[in-house]
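Reviewing the structure listed below.
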Amino acid sequence: MSDRDIEPEIAEAVQSVTNRYGARGLEDLIALAEQELEVAREAERKLAAEAD
Numbered sequence: 089m090s091d092r093d094i095e096p097e098i099a100e101a102v103q104s105v106t107n108r109y110g111a112r113g114l115e116d117l118i119a120l121a122e123q124e125l126e127v128a129r130e131a132e133r134k135l136a137a138e139a140d
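The numbering used here puts the sequence shown at residues 89 to 140.
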């Protein structure tokens with residue numbers, strides 16, 4: 089894990105997916121999260137550029 093605290097709601101959501109869909113569902117969740125992470129990072133870059 090990382091040095092930062094994980095929000096309980098996030099941990100619960102991950103555990104819920106794992107319990108309901110197993111390893112394959114968790115793999116799907118990770119793949120989708122990676123896609124969304126890129127979208128969120130790009131949005132943050134745009135906001136930072138506008139603030140400068």
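All C-beta atoms, glycine included, are put in the ideal place defined by N, C-alpha and C.
Small disclaimer: the values here were computed from a predicted structure and weren't measured.
Unbroken alpha helix (DSSP H) run spanning residue i, endpoints
i	result
R92	It is not in any alpha helix (DSSP H) - R92 carries neither H nor E in the DSSP assignment.
Backbone secondary structure at residue i - three-state DSSP
i	result
D140	coil
Contact belief for residue i with residue j at Cβ below 8 Å, rounded distance in angstroms
i	j	result
V102	G113	V102 to G113, Cβ: 10 Å. No contact.
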